[in-house]
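Engineer: Numbers in this note's numbering are just positions in the sequence shown, counted from 1, shifted up by 5. Note that the Cβ used here is the ideal one computed from N, Cα and C, for glycine as well. A single structure is presented below for examination.
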Amino acid sequence: MPAKFRVFWALLWLVSCSVPAAAQSTSAAAAPEVGLKAAEVLHAGLQYRDTAGLDEEGRQRCQIDLVVPEGQRDFATVIWFHGGGLTKGQRSVPAQLRGRGFAVAAAGYRLSPAVKAPVYIQDAAAAVAWVLKNIGRYGGDPKRVVVAGHSAGGYLTLMVGLDRSWLQAEGVSADQLAGLAPFSGQAITHFTIRGEQGISDRQPIIDRYAPLFHVRADCAPILLITGDRNRELLGRYEENAYLWRMFQEVQHPAVELHELQGFDHGQMAEPAFPLLTRFVRTTTGQAAETKP
Numbered sequence: 006m007p008a009k010f011r012v013f014w015a016l017l018w019l020v021s022c023s024v025p026a027a028a029q030s031t032s033a034a035a036a037p038e039v040g041l042k043a044a045e046v047l048h049a050g051l052q053y054r055d056t057a058g059l060d061e062e063g064r065q066r067c068q069i070d071l072v073v074p075e076g077q078r079d080f081a082t083v084i085w086f087h088g089g090g091l092t093k094g095q096r097s098v099p100a101q102l103r104g105r106g107f108a109v110a111a112a113g114y115r116l117s118p119a120v121k122a123p124v125y126i127q128d129a130a131a132a133v134a135w136v137l138k139n140i141g142r143y144g145g146d147p148k149r150v151v152v153a154g155h156s157a158g159g160y161l162t163l164m165v166g167l168d169r170s171w172l173q174a175e176g177v178s179a180d181q182l183a184g185l186a187p188f189s190g191q192a193i194t195h196f197t198i199r200g201e202q203g204i205s206d207r208q209p210i211i212d213r214y215a216p217l218f219h220v221r222a223d224c225a226p227i228l229l230i231t232g233d234r235n236r237e238l239l240g241r242y243e244e245n246a247y248l249w250r251m252f253q254e255v256q257h258p259a260v261e262l263h264e265l266q267g268f269d270h271g272q273m274a275e276p277a278f279p280l281l282t283r284f285v286r287t288t289t290g291q292a293a294e295t296k297p
């Protein structure tokens, strides 16, 4: 049997049809925003990697923009990875996460085709490790760190949170994470990585670059969110439904799956942010921040 295990869409379709309704969210208004905007401090362009050996593009991409609540201590932090298919995109702090009483660390990473797998996964792990090691200097609690991202950023979220090896290589542990919240992330091997290997984006595989390959019962709580299965990218909901099912099979105690009906791959992020805010509050105990 080859090292790469083939997955057929028929299986994913069958799994998606069997996911209980209780595991899904069919309303974009499931979790209203909590709290008012609060004062914040921005620390831009924080280098999370040693710049030796990096070109200018690499130096610019391997940075974090960190927004922290002003005058607060021991707050939670969301590490946010942008989307773009691992080939484009820029780090940016989502406006929807500003002023919620927790910090947001928007992390960039190097992109294909300038680099190949696993470089962007290694960059993501280095960014997470930097936050875990340094957020205390900015007033945050390193035990209250949630990793999240949209699309390719969701894929990176799952890879660094499920496969222990990436964070171990950076001197930290995936067990230190309080939660994982991928927005419409791939659960099979990412299509860009398949392309780098000469494999069609219509040929699904599960290998060491697939979050599904690393399903385990003892990872952090997970919030899986996708758009409408009929409007998402090819099989994206079904991939997440299968991932959710496999976590049930290994008896993971805290995995949610939400399908935002009526929203496509890009649109789904907007109604997903309130769900993420609620997830941060639940998993870290972060109280809503309000103005006096």
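Could you pull out every residue in the same chain whose Cβ sits closer than 6 angstroms to the Cβ of Gln219, ignoring the five residues on either side in sequence?
Structural biologist: The sequence shown places His at residue 219, rather than the Gln named in the question. Cβ neighbours of His219 beyond the five flanking positions: Leu167 and Asp168.
Engineer: Considering Cα atoms alone, identify which of Gly113, Arg221 and Asp146 is closest to Ala157.
Structural biologist: Closest by alpha carbon: Gly113.
Engineer: Starting from the C-beta of Gln256, find all residues in its chain whose C-beta is less than 6 angstroms away, skip the five residues before and the five after it, and write them out in chain order.
Structural biologist: Here the set comprises Ala222.
Engineer: Taking DSSP's pairing of strands, which residues face Thr288 in a bridge?
Structural biologist: Thr288 pairs with nothing; no bridge assigned.
Engineer: Ordered along the chain, which non-local residues of its own chain (more than five positions away) have a Cβ less than 7 angstroms from that of Ala274?
Structural biologist: Answer for Ala274: His155 and Phe188, listed in chain order.
Engineer: Ala186 and Val151: beta carbons closer than 8 angstroms?
Structural biologist: Going by C-beta atoms, Ala186 is nearer than 8 angstroms to Val151.
Engineer: Which ranges would you report for the beta strand (DSSP E) in the stretch 229-292 if only whole runs of at least 3 residues count?
Structural biologist: For the stretch 229-292, whole beta strand (DSSP E) runs of length 3 or above, ordered along the chain, are 260-265.
Engineer: Answer with yes or no whether the minimum CB distance from Arg142 to chain B is below 8 angstroms.
Structural biologist: Reference to chain B is not applicable here, since this structure consists of a single protein chain.
Engineer: When we look at the beta-carbon of Ser117 and count the other beta-carbons within 10 Å, is it buried (16 or more) or exposed?
Structural biologist: It is buried - the Cβ of Ser117 has at least 16 other Cβ atoms within 10 Å.
Engineer: Can the beta-carbon of Gly144 be found less than 8 angstroms from the beta-carbon of Arg78?
Structural biologist: Yes. Within cutoff.
Engineer: Among Leu163, Ala129, Ile198 and Val124, which residue has its Cα nearest to the Cα of Asn245?
Structural biologist: Checked all of Leu163, Ala129, Ile198 and Val124; the closest Cα to Asn245 is Leu163.
Engineer: Checking 8 angstroms against the spacing of the C-beta atoms, do Gly159 and Arg115 come in under that value?
Structural biologist: Cβ distance not < 8 angstroms, so Gly159 and Arg115 don't count as in contact.
Engineer: Using the C-alpha atoms, what's the distance from Ala292 back to Gly200?
Structural biologist: Straight-line Cα distance between these residues: approximately 43 angstroms.
Engineer: Pick from Pro209, Ile211 and Leu281: whose alpha carbon is nearest that of Leu229?
Structural biologist: Comparing Cα-Cα distances from Leu229 to each of Pro209, Ile211 and Leu281, the minimum goes to Leu281.
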